[in-house]
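Protein chains in written order, with my numbering: chain A, 1 to 202; chain B, 1001 to 1261.
Beta carbons: idealized from backbone N, C-alpha and C, even for Gly.
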């Protein structure tokens, strides 16, 4: 359970270098001012932006896999969710639809929005359903950009409970959060992004 | 065949003057553009007429090829210039050039070696005219498809990257917009074919009938041309969508909008 995410000398023209480890079954919470490079870092780990360096998850090197296989093992959920079909249910693979519905209920999204059109979702519903899209992959790692930013405290608690459950089962989680209390509630290691570099929170 | 005299053309030009008069009277502010466009049209066509007369007289395969290449290059430039966001560097020109070359060579080659078969096969009277018509269709469907792909990718960046982030391959994430763009590219030729004869009398056919050809013979030519144009449009839409999407991604299945301006 120790391996987790290993990032070595990850850099691009815009950010880095980053070298760090996040063991399996643990959480890294990244804070920092807007534009400091938090999202850039997650996108580089996910390989969505050109970068150099090596990343591995539970001993499997990113470079040894196709990009889509890598991202299925470590899904990235952006702060602004994207929707590619008219209906919400069309954003889930048919064979995971029931699980997606159950997870959405646990996160406080009722069946009416779940079965409705994607453009009718509230900001908070969008955020939680975008998270569900990643959770149903049952991946060994998760990269979440401000997963609870637009949520009220009740919904936030529900999301945190589900995330903690996954982490207890061995999932590695990196999340960007502006809420210092959240890192405490999750028992996360805290780092701060300053000027496109990560430093340990004092 | 009734030959036109300069007086005939001057009389018809009065209609353009009438348009300009309307523009002035109604303050449309179009008369300057209108007259400029009319003047350009006259100069361009007269120049082309003399150029074609010269090339036809040469009857030399290299001269024919040169003129075809220049026409294709102009069409390629037009296609790559169409989208709001263009490829950086020469990628856009390379993509539209390959599209134009493939679509034109396949369809014009087919027609010149099977149906039309002039002697010699490079007879500029046939080759240049045929390529000109085909390029019109390629330009239309190529630029519509390119604009559809580039505009679609730009507009749907969050939706595409949301899927990429979940491990969906790039081509799967962009397939709906690829389909939509190809569909857009094929609509003009479908409209053209379904309207032919009922709503419009196609230009080629009209020209041949006025020039004295039997209407049924002219229709046969027109049908052949429509099929060629449909083929050229299809090849152009498919090829340009494929090449554009390839250029918009890389070996790591990223969305490379940084390759656009």
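query                                                                                                                                                                                              : result
Compute the distance between the beta-carbons of residue 1095 of chain B and residue 1244 of chain B, then report whether it is under 7 Å.                                                         : yes
Go ahead and label residue 1060 of chain B buried or exposed: buried means 16 or more other beta carbons lie within 10 angstroms of its beta carbon, across all protein chains shown.              : exposed
Quick one: is residue 79 of chain A near chain B, going by C-beta distance under 7 Å?                                                                                                              : no
Please confirm if the segment 1131 to 1147 of chain B is in contact with the segment 1099 to 1111 of chain B, defined as three or more CB-CB distances below 8 Å between the two stretches.        : yes
Work out the CA separation of residue 66 of chain A and residue 1122 of chain B for me, nearest whole Å.                                                                                           : 49 Å
Applying the criterion that 16 or more other CB atoms from any shown protein chain within 10 Å of the CB defines a buried residue, is residue 1214 of chain B buried or exposed?                   : exposed
On the CB-based measure, 16 or more other CB atoms within 10 Å of its CB, does residue 1148 of chain B come out buried or exposed?                                                                 : buried
Would you identify the three-state DSSP class for residue 147 of chain A, choosing helix, strand or coil?                                                                                          : coil
Any C-beta of chain A sitting closer than 7 Å to the C-beta of residue 1178 of chain B?                                                                                                            : no
Give me the chain A residues within the contact set of residue 1032 of chain B, using Cβ-Cβ distance strictly less than 8 Å, ordered along the chain.                                              : Per Cβ cutoff of 8 Å: no residues; residue 1032 of chain B is ~45 Å from chain A at best.
In the DSSP assignment, find the unbroken alpha helix (DSSP H) run with residue 1074 of chain B in it and report its ends.                                                                         : 1061 to 1081
If we cut at 7 Å on Cβ distances, does residue 1166 of chain B have a partner in chain A?                                                                                                          : yes
For the alpha helix (DSSP H) containing residue 213 of chain A, list its first residue and its last residue.                                                                                       : Lying before the first or after the last residue shown, residue 213 of chain A is absent from chain A, which here runs from 1 to 202.
So is residue 83 of chain A buried or exposed if we call it buried at 16+ other beta carbons inside 10 Å?                                                                                          : buried
Look up residue 107 of chain A in the DSSP assignment and say whether it is helix, strand or coil.                                                                                                 : coil
Across which residues does DSSP place residue 56 of chain A in a beta bridge pair?                                                                                                                 : A/6 and A/61
Tell me the rounded alpha-carbon separation between residue 1086 of chain B and residue 1230 of chain B.                                                                                           : 26 Å
Straight-line CA distance for residue 201 of chain A to residue 169 of chain A?                                                                                                                    : 26 Å
Use the C-beta contact count for residue 1137 of chain B: other C-beta atoms within 10 angstroms, 16 or more gives buried, fewer gives exposed.                                                    : buried
Answer yes if the segment 55 to 66 of chain A comes into contact with the segment 101 to 115 of chain A, meaning at least three C-beta pairs across the two stretches below 8 Å, and no otherwise. : no
Are there 16 or more other CB atoms within 10 angstroms of the CB of residue 1217 of chain B, so buried, or fewer, so exposed?                                                                     : exposed
Taking the beta strand (DSSP E) that residue 190 of chain A belongs to, which residues open and close that run?                                                                                    : 189 to 194
Counting only runs of 4+ residues fully inside the segment 1178 to 1216 of chain B, write out the alpha helix (DSSP H) ranges in chain order.                                                      : 1203 to 1210
Using the rule of at least 16 other Cβ atoms within 10 Å of the residue's Cβ for burial, across every protein chain shown, is residue 1222 of chain B buried or exposed?                           : buried
So residue 75 of chain A packs on residue 142 of chain A, CB below 8 Å; how close in whole Å?                                                                                                      : 6 Å
Closer than 7 Å by beta-carbon distance: list the chain A residues that pair up with residue 1159 of chain B, in chain order.                                                                      : 82, 83 and 84
Looking at C-alpha atoms only, which residue of A/189, A/129, A/192 and A/57 is the closest neighbour of residue 4 of chain A?                                                                     : A/57
Which word fits residue 110 of chain A, buried or exposed, when buried means at least 16 other C-beta atoms lie within 10 angstroms of its C-beta?                                                 : exposed
Starting from residue 50 of chain A, find everything on chain B with Cβ-Cβ shorter than 9 Å and list it in chain order.                                                                            : 1250, 1252, 1254, 1256 and 1258
For residue 81 of chain A and residue 1093 of chain B, what's the separation of their Cα atoms in angstroms?                                                                                       : 34 Å
Taking Cβ to Cβ, would you say residue 1232 of chain B is nearer than 7 Å to residue 1178 of chain B?                                                                                              : no
Counting contacts by CB-CB distance shorter than 7 Å, is residue 1 of chain A in contact with chain B?                                                                                             : Confidence at residue 1 of chain A is low in this model, with a pLDDT of 46, below 50, so the placement of that residue should be treated as unreliable; the coordinate-derived value is given next. Not closer than 7 Å to any Cβ of chain B, the Cβ of residue 1 of chain A fails to qualify, so no.
Does the separation of the CB atoms of residue 196 of chain A and residue 15 of chain A fall below 7 Å?                                                                                            : yes
Does DSSP classify residue 169 of chain A as helix, strand or coil?                                                                                                                                : coil
I need the straight-line Cα distance from residue 122 of chain A to residue 1104 of chain B, nearest angstrom please.                                                                              : 50 Å
For residue 1005 of chain B, which three-state DSSP category applies?                                                                                                                              : coil
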